[in-house]
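Below: one structure, written as structure tokens.
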Amino acid sequence: MCCFILPSIIPYWFWNESLWNAFFVCAIFRLCFSLNVAFCVNSVSHIWGNKPYDKNILSTENKGVSFFAIGEGYHNYHHTFPWDYSTSELGWKINLTTLFIDVCAFFGLAYDRKTATKETIKMKKLKNCISETTKATT
């Protein structure tokens, strides 16, 4: 009902859109766009982007995917620190998922949020940088 019927009926009733256009634009196109953005998280974020935390894994940081997937494009961080609920060290900058979880925690709906410490993140970045420098000089 929320995926196909309501998105089709609302433009039909309130804006006199044809039912045909309302269905294809507001239901089908929206669904296809949402699915493609979700699929990009696990494809584009594993191909294109930088690897500031762990260069030995396929996942990358991709700001484009992060913008469209409301924060889920920071895959290198996510796979390096899988216990961190925020999936990014950047806070709410492009990561609306973290904002949503923080709001839920404010109302008592989410708890026991685990995060990687700033020191842990810094050490992992430094280790990754030293590893790249050593590899480049040999």
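For what it's worth, full-length UniProt numbering labels the leading residue of the sequence shown as 1, then goes sequentially.
Even for Gly, the Cβ is constructed at its ideal location relative to N, Cα and C.
Cut-off 6 Å between Cβ atoms - residues of its own chain near residue i, not counting five sequence neighbours on either side
i     : result
LYS51 : THR60, ASN76
ALA27 : PHE4, PRO7, SER8
Which of helix, strand or coil DSSP assigns to residue i
i     : result
ASN56 : coil
ASN21 : helix
ASN50 : strand
TYR85 : coil
ILE94 : coil
DSSP beta-bridge partners of residue i
i     : result
TYR74 : GLU61
Of the listed residues the options, nearest to residue i (C-alpha basis)
i     : options                     : result
THR98 : PHE106, GLY71, ILE28        : GLY71
VAL25 : PHE39, SER45, PHE4          : PHE4
ILE57 : PHE81, PRO11, GLU119, GLU17 : PHE81
CYS2  : CYS129, SER18, ARG30, VAL37 : ARG30
ILE94 : GLY64, HIS79, LYS122, CYS32 : GLY64
Residue i burial status per 10 Å Cβ neighbour count (16 or more: buried)
i     : result
PHE23 : buried
Cβ-based neighbour list, residue i, same chain, cut-off 7 Å, excluding 5 preceding and 5 following
i      : result
ASN21  : none
ALA105 : TYR111, ARG113
Contact test: residue i Cβ vs the ligand FMN heavy atom, cutoff 7 Å
i     : result
PHE68 : The ligand FMN is not part of the structure shown, which contains no ligands of any sort.
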